[in-house]
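Undergrad: When you line the sequence shown up against our numbering, it's residues 383 to 496, in that order.
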Amino acid sequence: MTKAHDGGQGFGFLESVYKKAMVIELDKINLKVEQEKPLKVYYDNQVVGGLWIDLFVEQELIVEFKSVQNLTKEHEVQLVNYLNGLQKEIGLLTNLGLNGVEVKRKYGKPKQEG
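1) What do you reckon, are the CB atoms on residue 354 and residue 456 nearer than 9 angstroms?
2) Residue 422 by DSSP, collapsed to three states: which one?
3) Could you check whether the stretch 425-432 touches the stretch 392-405, counting it as contact only if at least three pairs of C-beta atoms, one from each stretch, sit closer than 8 angstroms?
4) Which residue from 435, 424, 420 puts its Cα closest to that of residue 401?
5) Should residue 446 go down as buried or exposed, given a rule of 16 or more other Cβ atoms within 10 Å for buried?
6) Counting only the same chain and skipping the five closest in sequence on each side, list residues whose C-beta sits under 6 angstroms from that of residue 451.
7) So who's on the other strand from residue 482, going by DSSP bridges?
8) Could you compute how far the alpha carbon of residue 469 sits from the alpha carbon of residue 394?
9) Would you give the residue range spanned by the alpha helix (DSSP H) that residue 459 belongs to?
10) Let me make sure I understand the geometry here. Which of 467, 411, 449 has the alpha-carbon closest to that of residue 419?
11) From the DSSP output, read off the bridge partner residues of residue 473.
12) So, helix, strand or coil for residue 399, using DSSP?
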């Protein structure tokens, strides 16, 4: 994560700049990455909205980018909702803000078998 931040990008850019830099780095090591993966939100078996996941790596890891002064509980809840919506167990909340790089690991509900 720090290479995308320190590798010429510096501080204070929009999260989309860091996200694109990270995709370049992940491509270099041959990891499959989906950008802005859509996630439908359901209520009573009907679609009521949609969300877009920043990066979905190797069909397993969700990476959510922020470029803010401080991460908040709302940012953490957003990532956990993505994890639960895709039934994935682990995600990274990454803040590339003015204070440097901050990464938090969050966990979703385990996938139900059967």
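C-beta: ideal position from N, C-alpha, C; glycine also.
Model, not experiment: these values are computed from the prediction.
TA: If we stick to the structure as given:
1) One cannot answer for residue 354 here, as it falls past the ends of the chain, which runs 383 to 496.
2) strand
3) no
4) 435
5) buried
6) 479
7) 479
8) 33 angstroms
9) 455-467
10) 467
11) 444, 488
12) helix
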